[in-house]
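Colleague: Please find one structure pasted underneath; my questions will follow.
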Amino acid sequence: MAAMGVAKVARGEVEYKVCPCPKSIFREAKFVFHFMQKDEASAEASLLVIPTCQKALHDLVKVGPEIEDEKDRLLEVFMDFAQAVCTELRDGGHWADYIDPCSGLPMMTEDCNKVYSEVDGMEVLLQYKTMNCGCCKVLLHPEWGSGVYPATMFTSAPSALVTEVFNRYPLPTRPYYAIVLSRPTETAVP
Ligand code: B12
């Protein structure tokens with residue numbers, strides 16, 4: 092199995108893998124993204140699925156205020172990253188979207204009411220194990236166990252372009268304001 096890439100983003104690190112869409116996932120994806128049913132063969136051929144995983148500071152199967160705070164942090168990191176990547180791909184004329192980890196519904200495509208199962212998807216794409224936790228099926232990362240926050244992007248952009256966009260990360264890890272303040276200004280006196 093090919094290793095996951097790692098994107099360093101402003102407030103965290105995200106493991107990812109750019110994958111052609113297997114049949115078993117397209118069977119679900121076409122009900123999440125209805126427009127794919129118009130020309131299934133070409134939609135399936137061009138669709139890429141990009142599973143991402145973030146290491147959580149706590150085991151996400153636990154409950155409590157610190158778990159909720161951690162899930163909020165992981166959510167924000169993914170949302171900022173996915174929004175930036177998908178907007179860039181869309182601006183380049185390609186379809187792209189990402190799944191809201193809270194609801195399981197797409198963020199950028201309208202009129203969707205079918206939930207995409209992150210856990211089923213990653214079981215197929217990454218061959219990670221899963222376990223049942225009450226009414227929720229949970230993904231087990233090979234190193235982090237259930238301390239993993241899975242979330243997925245989809246696109247029909249060419250894989251070379253997607254890889255190029257992802258390779259642009261790592262971004263600077265210092266906060267943006269620190270970079271701006273450390274730049275010498277034209278008016279600075281030596
Ligand atoms: C809704 C939801 C809940 C709901 C209920 C879940 C339910 N089953 O009804 C509630 C609020 C109860 C819940 C609770 C928890 N959840 Co929850 N939940 C989700 C969410 C958003 C959707 C899950 C879901 O509904 N799946 C089932 C739906 C999609 O499928 P279905 O119609 O039942 O079945 C279809 C699929 O299985 C499909 N299918 C069959 N085979 C295949 C094959 C493939 C390849 C595909 C793609 C699909 C597929 O076919 C079926 C029929 O159509 C997911 C995120 C996500 N998008 O997956 C998080 C998620 C699974 N939850 C998560 C967590 C952590 C929890 C909790 C364990 C803990 C917590 N602190 O929140 C608790 C459990 C507490 C407990 N003990 O019960 C995490 C798991 C993290 C991990 N490591 O995997 C997730 C991934 C969110 C996240 N990004 O962090 N959850």
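The numbering used here puts the first residue of the sequence shown at 92, with every later residue one more than the last. Every residue gets a Cβ at the ideal spot worked out from N, C-alpha and C, and that includes glycine.
(1) With DSSP collapsed to three states, give me the class of residue 265.
(2) Mind checking which residues open and close the alpha helix (DSSP H) that includes residue 223?
(3) Which ranges does the beta strand (DSSP E) cover as unbroken runs of at least 3 residues, wholly within the stretch 113–167, from first to last along the chain?
(4) Take residue 235 and list the residues in its own chain whose beta-carbon comes closer than 6 angstroms to its own, dropping the five residues that flank it on each side.
(5) Between residue 213 and residue 142, is the Cβ-Cβ spacing less than 8 angstroms?
(6) Ordered along the chain, which non-local residues of its own chain (more than five positions away) have a Cβ less than 6 angstroms from that of residue 198?
(7) Thinking C-beta only, is residue 250 closer than 8 angstroms to residue 105?
(8) Is it true that the CB of residue 138 sits closer than 8 angstroms to the CB of residue 247?
(9) Taking 7 angstroms as the cut-off, is the CB of residue 140 close to at least one heavy atom of the ligand B12?
(10) How big is the Cα-Cα spacing for residue 97 and residue 245?
(11) Ends of the beta strand (DSSP E) at residue 293?
Modeller: So, to answer that:
(1) Here the model assigns residue 265 a pLDDT of 49, short of 50, so the residue's position is not dependable, and the following value carries that caveat. Coil.
(2) Segment 220–224 is the beta strand (DSSP E) holding residue 223; no alpha helix (DSSP H) there.
(3) 139–146
(4) 146
(5) yes
(6) 189 and 191
(7) no
(8) yes
(9) no
(10) 17 angstroms
(11) Since the displayed the chain opens at 92 and closes at 281, residue 293 lies outside it and no answer follows.
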